[in-house]
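The structure appears right after this line, and notes come after that.
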Amino acid sequence: MKIFGQLIAEVESVIGKKGRLLDVGCGEGTLLLAAVEMGWESEGTEIASVMVHHIREKFGLTVHQGVLEDFNLPEHSFDTIILNHVLEHVSDPRMTLEKIAELLSPGGVVRIEVPNLASFSNRGKNFQSSFGLKKNPWKHYSPDHHFWFFTPRTLKATLEAAGLTPRSISAPAKQWGELGPADSLANAIYGRTLRGGHLVAYATRQK
């Protein structure tokens with residue numbers, strides 16, 4: 340819960356206010372609950388019926404079961420939309436992002452986090468797989484693992500093609516918790532090279 344609280348606080352610092360939040364692929368609802376406790380009006384989407392039932396029954400929150408593109412949600416109705424390790428699993432990332440562009444309010448932001456294909460860790464897995472040093476070589480490229488793979492460049496291009504304007508794309512070494520001197524140094528290096536394990540993008544609707 341603490342990590343999700345930090346994530347919501349980060350979003351608040353970017354958007355400059357609280358508002359209506361949509362968590363796409365909300366899982367067991369922990370981020371939704373953190374947002375509500377911090378004063379946000381929050382809804383989620385989730386394809387797993389057992390998770391939807393759990394969130395509705397345990398937390399009493401609004402969760403839409405199914406795929407985002409299938410819902411008839413009001414246009415421009417959310418100040419923040421979050422996709423936390425979801426975009427790499429959808430059938431059509433551009434279509435999903437186009438729907439998000441419709442749902443964002445004026446000045447609203449979408450926060451997207453995905454694995455970084457250009458990361459140092461991914462390059463290490465490639466090296467291990469090439470030389471037979473990995474137990475399951477090339478598993479990190481398996482469609483059973485992820486459908487889509489993004490670098491900073493391809494994520495930016497996908498956002499723009501869907502009608503969104505990137506505000507920032509980062510690849511921190513460490514995002515949450517207390518940052519020691521080594522963490523701060525690593526983040527500075529990864530910030531320049533965009534080689535962290537995960538990409539974090541903020542984007543707004545194109546005008």
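For the sequence shown, the working numbering gives the first residue as 340, with consecutive numbering after it.
In this text, a Cβ means the ideal position worked out from N, Cα and C, and glycines have one as well.
Treat the numbers as computed from the prediction; the structure is a model and nothing was measured.
Please state whether the Cβ-Cβ distance between residue i and residue j is less than 8 Å.
i: leucine 360; j: alanine 440; result: no
i: valine 448; j: valine 353; result: yes
i: alanine 501; j: arginine 433; result: yes
Please report the distance separating the alpha-carbon of residue i from that of residue j.
i: asparagine 411; j: leucine 538; result: 29 Å
i: glycine 368; j: valine 425; result: 14 Å
i: proline 491; j: isoleucine 508; result: 7 Å
i: valine 363; j: proline 476; result: 31 Å
i: threonine 419; j: proline 505; result: 14 Å
i: alanine 496; j: glutamate 408; result: 20 Å
i: glutamine 545; j: arginine 462; result: 33 Å
i: isoleucine 451; j: aspartate 431; result: 15 Å
i: arginine 531; j: serine 469; result: 27 Å
i: valine 350; j: serine 460; result: 26 Å
i: glutamate 396; j: leucine 472; result: 46 Å
i: valine 391; j: phenylalanine 398; result: 10 Å
i: leucine 422; j: lysine 464; result: 25 Å
i: glycine 378; j: glutamine 467; result: 46 Å
i: serine 345; j: glycine 446; result: Inspection of the sequence shows that residue 345 is occupied by glutamine rather than by serine. Cα-Cα distance, rounded: 21 Å.
i: alanine 387; j: valine 406; result: 10 Å
At which residues does the alpha helix (DSSP H) containing residue i begin and terminate?
i: glutamine 545; result: Taken as a continuous stretch (DSSP letters only), glutamine 545 belongs to no alpha helix (DSSP H), as it is neither H nor E.
i: glycine 446; result: Segment 443-454 is the beta strand (DSSP E) holding glycine 446; no alpha helix (DSSP H) there.
i: isoleucine 342; result: 341-354
i: valine 389; result: 388-398
i: valine 402; result: Premise fails: valine 402 lies in the beta strand (DSSP E), 401-404, not in any alpha helix (DSSP H).
Give the C-beta separation of residue i and residue j to the nearest angstrom, bearing in mind that I take them to be a contact with Cβ-Cβ under 8 Å.
i: serine 416; j: serine 444; result: 7 Å
i: glycine 383; j: proline 454; result: With a Cβ gap of about 22 Å, glycine 383 and proline 454 do not count as contacting.
i: glutamate 437; j: phenylalanine 486; result: Wrong, their Cβ atoms sit about 17 Å apart, outside the cutoff.
Can you list, in chain order, the residues of its chain with a C-beta nearer than 7 Å to that of residue i? Leave out the 5 residues immediately preceding and following it.
i: lysine 478; result: His484
i: phenylalanine 343; result: Thr369, Leu370 and Ala373
i: tyrosine 529; result: Ala510, Pro511, Ala512 and Gly535
Output the boundary residues of the beta strand (DSSP E) element that contains residue i.
i: isoleucine 421; result: 417-423
i: histidine 428; result: Note, histidine 428: premise wrong, no beta strand (DSSP E); not H, not E.
i: glutamate 382; result: 380-385
i: proline 505; result: 503-509
i: leucine 412; result: Counting along the chain, leucine 412 falls outside any beta strand (DSSP E), and DSSP gives it neither H nor E.
Take residue i and list the residues in its own chain whose beta-carbon comes closer than 6 Å to its own, dropping the five residues that flank it on each side.
i: phenylalanine 488; result: Leu456
i: valine 429; result: Thr435
i: leucine 533; result: Pro491 and Ala510
i: isoleucine 347; result: Ala373, Ala374 and Met377
i: glutamate 357; result: Note that residue 357 is lysine in the sequence shown here, rather than glutamate. Gly378 and Trp379.
Take residue i and list the residues in its own chain whose beta-carbon comes closer than 8 Å to its own, dropping the five residues that flank it on each side.
i: isoleucine 394; result: Cys365, Glu367, Gly368, Leu371, Gly383, Glu385, Leu400 and Val402
i: alanine 542; result: Val448, Val449, Ile451, Leu498, Leu503, Thr504, Pro505 and Arg506
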